[in-house]
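Take a look at the structure set out below.
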Amino acid sequence: MSQLSEQELVRREKLVKLRELGVNPYPADLYPVTHTSKQIKENFEADKKVVIAGRLMMIKVQGKASFAELQDADGKIQVYFNRDEICPGEDKEKYNELFKKLIDFGDFVGIEGELFTTQVGEKTVKVKDFTLLSKALKPLPLPKEKDGKVYDAFTDPEQRYRQRYADLVVNPHVKEIFIKRTKLFNAMRSFFNDAGYFEVETPVLQSIPGGAAARPFVTHHNALDIPLYMRIANELYLKRLIVGGFDGVYEFSKNFRNEGMDRTHNPEFTAMEIYVSYKDYNWMMDFCERLLEHCAIAVNGSTKAKFGEHEIDFKAPYARVTMADSIKHFTGFDITGKSEDEIRAAAKGMGIEVDDTMGKGKLIDEIFGEKCEGNYIQPTFITDYPKEMSPLCKEHRENPDLTERFELMVCGKEIANAYSELNDPIDQRERFEHQMELAKKGDDEANGVIDYDFLRALEYGMPPTSGMGIGMDRLIMFLTNNQSIQEVLFFPQMRPEKKTVTLSDNEKAIFEVLKAKKSLPLNVLKEESGLSNKAWDKGIKALTKHKLANVIKTDSDLIVELIS
Numbered sequence: 010m011s012q013l014s015e016q017e018l019v020r021r022e023k024l025v026k027l028r029e030l031g032v033n034p035y036p037a038d039l040y041p042v043t044h045t046s047k048q049i050k051e052n053f054e055a056d057k058k059v060v061i062a063g064r065l066m067m068i069k070v071q072g073k074a075s076f077a078e079l080q081d082a083d084g085k086i087q088v089y090f091n092r093d094e095i096c097p098g099e100d101k102e103k104y105n106e107l108f109k110k111l112i113d114f115g116d117f118v119g120i121e122g123e124l125f126t127t128q129v130g131e132k133t134v135k136v137k138d139f140t141l142l143s144k145a146l147k148p149l150p151l152p153k154e155k156d157g158k159v160y161d162a163f164t165d166p167e168q169r170y171r172q173r174y175a176d177l178v179v180n181p182h183v184k185e186i187f188i189k190r191t192k193l194f195n196a197m198r199s200f201f202n203d204a205g206y207f208e209v210e211t212p213v214l215q216s217i218p219g220g221a222a223a224r225p226f227v228t229h230h231n232a233l234d235i236p237l238y239m240r241i242a243n244e245l246y247l248k249r250l251i252v253g254g255f256d257g258v259y260e261f262s263k264n265f266r267n268e269g270m271d272r273t274h275n276p277e278f279t280a281m282e283i284y285v286s287y288k289d290y291n292w293m294m295d296f297c298e299r300l301l302e303h304c305a306i307a308v309n310g311s312t313k314a315k316f317g318e319h320e321i322d323f324k325a326p327y328a329r330v331t332m333a334d335s336i337k338h339f340t341g342f343d344i345t346g347k348s349e350d351e352i353r354a355a356a357k358g359m360g361i362e363v364d365d366t367m368g369k370g371k372l373i374d375e376i377f378g379e380k381c382e383g384n385y386i387q388p389t390f391i392t393d394y395p396k397e398m399s400p401l402c403k404e405h406r407e408n409p410d411l412t413e414r415f416e417l418m419v420c421g422k423e424i425a426n427a428y429s430e431l432n433d434p435i436d437q438r439e440r441f442e443h444q445m446e447l448a449k450k451g452d453d454e455a456n457g458v459i460d461y462d463f464l465r466a467l468e469y470g471m472p473p474t475s476g477m478g479i480g481m482d483r484l485i486m487f488l489t490n491n492q493s494i495q496e497v498l499f500f501p502q503m504r505p506e507k508k509t510v511t512l513s514d515n516e517k518a519i520f521e522v523l524k525a526k527k528s529l530p531l532n533v534l535k536e537e538s539g540l541s542n543k544a545w546d547k548g549i550k551a552l553t554k555h556k557l558a559n560v561i562k563t564d565s566d567l568i569v570e571l572i573s
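The working numbering numbers the first residue of the sequence shown as 10 and each following residue consecutively.
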């Protein structure tokens, strides 16, 4: 546990005093809230009695009367504490002792009061009585404001993601991102339900990692004594349900991939997958663009969304370009009918890093990713992928070298992937076996496991089906103008937190001087820190104890070095 700051120590002392006064700082009773801050402002009536609750975010004590700001789930409202209103009799302890001395910003309080408008027109609650509902022992990282400028804002991403609870309190705009995220899920769910499709759940723990090519997280089931894999995709389970007779099924799926992390990838992410029988990928393109137009309006009230320097318009219809045409347009190279060696040579000629483990599909994917993908800003369907790139996709009805697949590109990123699903069990078995061969060659993106139970399901017969997957985290990034996936996840995965040390003001004074110089003679450091002998001795001992500084004896002097 890190050393407590002075404020944290003071708050713990207040906790003791509250209990001595007979005040329970964490009462269990229901608090009978009647209004939120938003309801008060929208339906304001002077002298109306209200009961509200929330955090005190700002307190200005002014003798017998004080103003504060109370923040609840809907926003903020001003509250007015008057000693004689709260304590109408002779005993003024509740105001003088409890409110003025023992209540801090960040504490949760319940307030009974009446509405009035201040002389400057601020809608305010006049406090008649208040109850401490929860004592905050750590001060919130509230920004400071002076002369219209904001200082010490809580903006460091590392801290914000680790302490999302504090981020949501002090940065109200962050909450809006997650409100929009929920609106997106609700809009998509209602669109599917209105179309007559059925929401389902499939296993997160799977005996075979299937439906995608990715490195899984592995765990062990003790009772069965078998390895189990965290879901990398739910595709094969949803198709089993189509075999079983469902007309259309969808799932919002938590998937887990034991791979790298960056601004667009988190090891745990949310995908939506939908499968509809008796449809093909052409129908799914129409369905997809209508779906995303509907979702954009539900989330932002418009089909248009700002993303970085771009304005994206999700209004249907979207452009449709074949992969071969795209590569030919941006590189001049026609992949049609070319051998693996010809494509590898072309890729090398374009300056793309390739190796012998890459099959034909992987090589084409690398060319498209390097030379084409980033050019598609407005929503664009890239269609008709080479067969080698799509082991679960139906062969193209007009060209056996291609598959009936599309990906939707927005701002150079894929947000949807869809197929006319492969339902020929013999063809599917051959595709799986080809993936096994690629995996043996060293292609780490090839799936080296065959799901024989899925093949058995296909042998019972699956109707013509189209399926689509959408990366929900990436889609909400585009709809809320966020460049990083961590901004749209409440609790993104983080590296283990380094142990933090809270320094006193005297320790900080020494540390800041030392940090600037890295190494100083002890007497020089003492002089530049400007501390008294007692404060200096205490401060330098604390820094060496925390392993932030080291005192080294040389022939001529004592040297203090910064420990990085």
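Glycine residues also receive a C-beta, built at the ideal position from the N, C-alpha and C atoms.
C-alpha distance - residue i paired with residue j, whole-angstrom precision
{"i": "lysine 288", "j": "alanine 280", "result": "21 Å"}
{"i": "asparagine 291", "j": "isoleucine 479", "result": "17 Å"}
{"i": "threonine 43", "j": "proline 34", "result": "22 Å"}
{"i": "proline 276", "j": "arginine 266", "result": "5 Å"}
{"i": "lysine 184", "j": "glutamine 172", "result": "14 Å"}
{"i": "glycine 269", "j": "glutamine 502", "result": "11 Å"}
{"i": "glycine 220", "j": "histidine 182", "result": "37 Å"}
{"i": "arginine 20", "j": "alanine 145", "result": "8 Å"}
{"i": "asparagine 202", "j": "lysine 110", "result": "55 Å"}
{"i": "alanine 196", "j": "glutamate 302", "result": "11 Å"}
{"i": "glutamine 215", "j": "threonine 273", "result": "25 Å"}
{"i": "glycine 310", "j": "lysine 69", "result": "39 Å"}
{"i": "aspartate 546", "j": "leucine 552", "result": "10 Å"}
{"i": "alanine 82", "j": "glutamate 318", "result": "32 Å"}
{"i": "arginine 224", "j": "asparagine 408", "result": "32 Å"}
Contact check, residue i vs residue j, beta carbons under 8 Å
{"i": "tyrosine 259", "j": "isoleucine 241", "result": "no"}
{"i": "lysine 147", "j": "tyrosine 89", "result": "no"}
{"i": "leucine 84", "j": "lysine 47", "result": "Correcting the residue type first, residue 84 is glycine in the shown sequence and not leucine. Cβ distance < 8 Å, so glycine 84 and lysine 47 count as in contact."}
{"i": "isoleucine 634", "j": "alanine 354", "result": "An answer regarding residue 634 cannot be provided, because it is not within the stretch 10 to 573 covered by the chain."}
{"i": "serine 528", "j": "isoleucine 568", "result": "yes"}
{"i": "leucine 488", "j": "leucine 193", "result": "yes"}
{"i": "histidine 555", "j": "valine 522", "result": "no"}
{"i": "leucine 401", "j": "glutamate 430", "result": "yes"}
{"i": "isoleucine 321", "j": "alanine 314", "result": "yes"}
{"i": "phenylalanine 207", "j": "glycine 253", "result": "no"}
{"i": "glutamate 1", "j": "methionine 418", "result": "Residue coverage of the chain in this structure runs from 10 to 573, which leaves residue 1 outside it and unanswerable."}
{"i": "isoleucine 391", "j": "isoleucine 373", "result": "no"}
{"i": "valine 32", "j": "leucine 65", "result": "no"}
{"i": "threonine 211", "j": "tyrosine 238", "result": "no"}
{"i": "valine 60", "j": "proline 41", "result": "yes"}
Secondary structure of residue i, DSSP reduced to three states
{"i": "leucine 193", "result": "helix"}
{"i": "asparagine 408", "result": "coil"}
{"i": "glutamine 215", "result": "strand"}
{"i": "glycine 358", "result": "helix"}
{"i": "lysine 318", "result": "The question names lysine, but residue 318 in the sequence shown is glutamate. Of the three classes helix, strand and coil, the one that applies to glutamate 318 here is coil, per DSSP."}
{"i": "methionine 10", "result": "Legend: pLDDT at methionine 10 = 43, less than 50; position of this residue unreliable, value from coordinates given subsequently. Here methionine 10 sits in coil by DSSP."}
{"i": "phenylalanine 520", "result": "helix"}
{"i": "glycine 378", "result": "helix"}
{"i": "arginine 329", "result": "strand"}
{"i": "cysteine 297", "result": "helix"}
{"i": "leucine 567", "result": "strand"}
{"i": "isoleucine 549", "result": "helix"}
{"i": "tyrosine 40", "result": "coil"}
{"i": "threonine 279", "result": "strand"}
{"i": "asparagine 309", "result": "helix"}
{"i": "glycine 370", "result": "helix"}
{"i": "histidine 274", "result": "strand"}
{"i": "valine 19", "result": "helix"}
{"i": "valine 363", "result": "coil"}
{"i": "lysine 450", "result": "helix"}
Closer than 8 Å to chain C by CB, residue i
{"i": "phenylalanine 487", "result": "Going by chain labels, chain C is absent from the structure shown, which holds only one protein chain."}
Buried or exposed (CB count within 10 angstroms, at least 16 for buried), residue i
{"i": "glycine 115", "result": "buried"}
{"i": "aspartate 393", "result": "buried"}
{"i": "valine 129", "result": "exposed"}
{"i": "serine 565", "result": "exposed"}
{"i": "phenylalanine 53", "result": "exposed"}
{"i": "histidine 405", "result": "buried"}
{"i": "phenylalanine 323", "result": "buried"}
{"i": "leucine 39", "result": "exposed"}
{"i": "serine 399", "result": "buried"}
{"i": "leucine 18", "result": "exposed"}
Practice problem: Tell me the start and end of each unbroken alpha helix (DSSP H) in the segment 456–518 that is at least 4 residues and wholly inside, in chain order. | Solution: 461–468, 481–489
Practice problem: Can you check the segment 242–267 for any alpha helix (DSSP H) of at least 4 residues that lies completely inside it and give the ranges in chain order? | Solution: 244–252
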